[in-house]
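Enquirer: Numbering (the numbering used here), first residue to last: 89 to 176. For glycine and all other residues, C-beta sits at the position ideal for the given N, C-alpha and C.
This is the structure in structure tokens:
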């Protein structure tokens with residue numbers, strides 16, 4: 089199975105949007121960029137398969153709102169913990 093990756097952006101003005109997606113080498117580049125910029129990575133084959141069907145720049149479908157909201161809440165908690173530790 090070829091490696092797949094999708095990236096989301098969320099600016100709180102609507103639903104999260106797919107800003108990158110790809111397979112094979114493109115997927116590896118997306119993951120490398122995320123690591124380089126400290127962007128959290130979530131491995132979820134079902135989620136990435138669904139995101140691969142969303143067009144670039146399009147909002148995620150409503151059936152993904154709950155799972156993506158939980159993922160974003162987790163990422164925000166991680167960011168807060170990291171910020172709290174750097175302030176100490």
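Leaving out the 5 sequence neighbours to the left and right, which residues in its chain are closer than 8 Å to residue 104 when beta-carbon positions are compared?
Expert: 96, 97, 98, 147, 148, 156, 160
Enquirer: Counting C-beta neighbours from all protein chains within 10 Å, is the total for residue 106 16 or more, i.e. buried, or is it exposed?
Expert: buried
Enquirer: Can you round the beta-carbon distance between residue 92 and residue 111 to whole angstroms, since I take them to be within the 8 Å contact cut?
Expert: 5 Å
Enquirer: Residue range of the beta strand (DSSP E) that residue 109 falls in?
Expert: 105 to 111
Enquirer: Just checking my contact of residue 166 with residue 128 at CB under 8 Å: how many whole Å lie between their CB atoms?
Expert: Between residue 128 and residue 166 the Cβ distance is about 6 Å, and since that is below 8 Å, they are a contact.
Enquirer: Identify which residue in 175, 168, 172, 108 has its Cα closest to the Cα of residue 136.
Expert: 108
Enquirer: Is it buried or exposed for residue 169, if we count other Cβ within 10 angstroms and need 16 for buried?
Expert: The residue is exposed, with fewer than 16 neighbouring Cβ atoms inside 10 Å.
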